[in-house]
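Residue numbers (this note's numbering): 81 to 155.
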């Protein structure tokens, strides 16, 4: 009565496979692995936004002139 025998674990395993199915169980484990990888990737990424590029002396910054729209080109 103290611990389960191999037969108890075998019956429990068969019941779990019948409830979830072989494909569904492997899909769940794949989803868990993807979640863990995503979590690790998110933890390793730096939370600070990238800084704006610095102005180098002697180079001109690009002009902020608007481009002509399609309506003005058709006239």
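Heads up, the beta-carbon is just placed ideally off N, CA and C, and yes, glycines get one too.
Quiz item: Grouping DSSP H, G and I as helix and E and B as strand, with all else coil, what is residue 103?
Solution: Stepping through the chain shown from its first residue, residue 103 is reached at position 23. DSSP, read as helix, strand or coil, puts residue 103 in helix.
Quiz prompt | Rounded separation between residue 107 and residue 100 - CA only | solution = Counting from 1 along the chain shown, the entry for residue 107 is found at position 27. Counting from 1 along the chain shown, the entry for residue 100 is found at position 20. Each residue's CA atom was taken as its position, placing residue 107 and residue 100 some 10 Å apart.
Quiz item: Roughly how many angstroms lie between the CA atoms of residue 87 and residue 97, to the nearest whole one?
Solution: Residue numbering aside, residue 87 sits at position 7 when the chain shown is read from its first letter. Residue numbering aside, residue 97 sits at position 17 when the chain shown is read from its first letter. Their backbone Cα atoms lie some 15 Å apart in a straight line.
Self-check item: residue 83 to residue 89 span [Cα, whole Å]
Solution: Here the question's residue 83 lines up with position 3 in the chain shown. Here the question's residue 89 lines up with position 9 in the chain shown. Going by the C-alpha atoms only, they are around 10 Å apart.
Practice problem: Could you check what DSSP says for residue 84 in three-state terms: helix, strand or coil? | Solution: Within the chain shown, the letter at position 4 stands for residue 84. Three-state DSSP puts residue 84 in coil, outside helix and strand.
Quiz item: What's the C-alpha gap between residue 125 and residue 103?
Solution: Here residue 125 refers to the residue found at position 45 of the chain shown. Here residue 103 refers to the residue found at position 23 of the chain shown. Going from the Cα of residue 125 to the Cα of residue 103 covers about 33 Å.
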